[in-house]
Amino acid sequence: MAVAANNVNLSPEKVTAKLALIFLGPPGAGKGTQAKRISNELNLPHLSTGDMLRDAVTRGTELGLLAKPIMARGDLVPDEIVLGMVEERLKRPDCTCGFIFDGFPRTIPQAEKLDEILHRRGFGKPLVIEFMVNPETLLKRVAGRWTCSIGGETYNIYERAPKVPGICDNDGGKLVQRSDDQPEIVKERFAAYQKQTLPLADYYRGHGNLQTVDGGAEVNQVTRALNEILKRAAGSDGHL
Ligand SMILES: [Zn+2]
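Take the position in the sequence shown, starting the count at 1, then add 62; the result is the number in this note's numbering.
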């Protein structure tokens, strides 16, 4: 899908369309699933800071080496390191035309730093999509979630059940329920998310291009809503 070019540079042959997409929403809002779909449709990398950190640690980059002992202690990796990784990641060639950030930024300071990185990398304002979902829907989704103990694939006994109960379709791994998918933990995470992310949505309403989708809707319906937003954004230049 063609996306409006915001930074027409050099010659017409080198017109670049850069799409910085950010998906905001609480855990269980369906951001990951939709990010995978849109990533395939638009051929843009699907980025999360968790994957980025694990990758940097595995590859033994300078920032990875700094992050490793912090992660091993179970502490939160400081913004400086995370944002350094983000900037390194955005320099890789697969991000030339854009990317989808899933679950990042989480705070206003991170959003401000990300804006600076986007500016340096020649991106315009990000298109930010907030996945709205009520706490009851979220609870049901997360409480139904089972994760493969081998490959980490996730299933949901209500929405996306495995062919054989308790067994991963891909590799036969045993499905387990993660401890942080317990209802009490889910409620706490949702409260923490709201406290942190509501100001972030306000920030983007003013500084970016904030759109919302109903994350509680059926999965194909959400994909259609996202495609509509992307189509409108591509038609309007200016913001992307
Ligand atoms: Zn599996």
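Glycine included, each C-beta is placed from N, C-alpha and C at the ideal position.
Rounded straight-line distance, which links the Cα of residue j to that of residue i
| i | j | result |
| --- | --- | --- |
| residue 162 | residue 140 | 22 Å |
| residue 137 | residue 297 | 43 Å |
| residue 260 | residue 101 | 25 Å |
| residue 94 | residue 110 | 9 Å |
| residue 231 | residue 145 | 36 Å |
| residue 212 | residue 229 | 10 Å |
| residue 266 | residue 155 | 27 Å |
| residue 226 | residue 244 | 23 Å |
| residue 190 | residue 289 | 13 Å |
| residue 131 | residue 89 | 26 Å |
| residue 219 | residue 105 | 30 Å |
| residue 92 | residue 195 | 9 Å |
| residue 64 | residue 217 | With a pLDDT of only 45 at residue 64, under 50, the local geometry of the prediction cannot be trusted, and no value is derived from it. |
| residue 96 | residue 84 | 12 Å |
Pick from the options that is closest to residue i, judged by C-alpha positions
| i | options | result |
| --- | --- | --- |
| residue 221 | 203, 215 and 231 | 203 |
| residue 183 | 157, 282 and 116 | 157 |
| residue 248 | 186, 197, 100 and 295 | 197 |
| residue 49 | 234, 177 and 244 | Any answer about residue 49 is impossible in this case: the structure gives the chain only from 63 up to 302. |
| residue 172 | 116, 289 and 258 | 258 |
| residue 148 | 134, 131 and 123 | 123 |
| residue 199 | 175, 165 and 276 | 276 |
| residue 86 | 294, 293, 280 and 264 | 264 |
| residue 192 | 112, 294, 284 and 81 | 284 |
| residue 255 | 179, 166 and 108 | 166 |
| residue 262 | 175, 107, 99 and 280 | 175 |
| residue 80 | 152, 224 and 201 | 152 |
| residue 186 | 233, 159, 169 and 168 | 159 |
| residue 250 | 201, 279, 113 and 282 | 201 |
Simplified DSSP assignment, three categories, for residue i
| i | result |
| --- | --- |
| residue 276 | strand |
| residue 98 | helix |
| residue 222 | strand |
| residue 130 | helix |
| residue 237 | strand |
| residue 210 | strand |
| residue 111 | helix |
| residue 292 | helix |
| residue 216 | strand |
| residue 169 | coil |
| residue 283 | helix |
| residue 104 | helix |
| residue 139 | coil |
| residue 199 | helix |
Beta bridge counterpart(s) of residue i as assigned by DSSP
| i | result |
| --- | --- |
| residue 255 | According to DSSP, which records beta bridges pairwise, residue 255 is partnered with nothing at all. |
| residue 192 | 86 and 274 |
| residue 81 | 160 |
| residue 229 | 236 |
8 Å Cβ cutoff, residue i in contact with chain C
| i | result |
| --- | --- |
| residue 97 | Reference to chain C is not applicable here, since this structure consists of a single protein chain. |
Three or more C-beta pairs below 8 Å linking the region 204 to 221 and the region 229 to 244: yes
Can you list every residue whose CB sits closer than 5 Å to some heavy atom of ligand 3, going in chain order? What this structure holds is ligand 1, not ligand 3.
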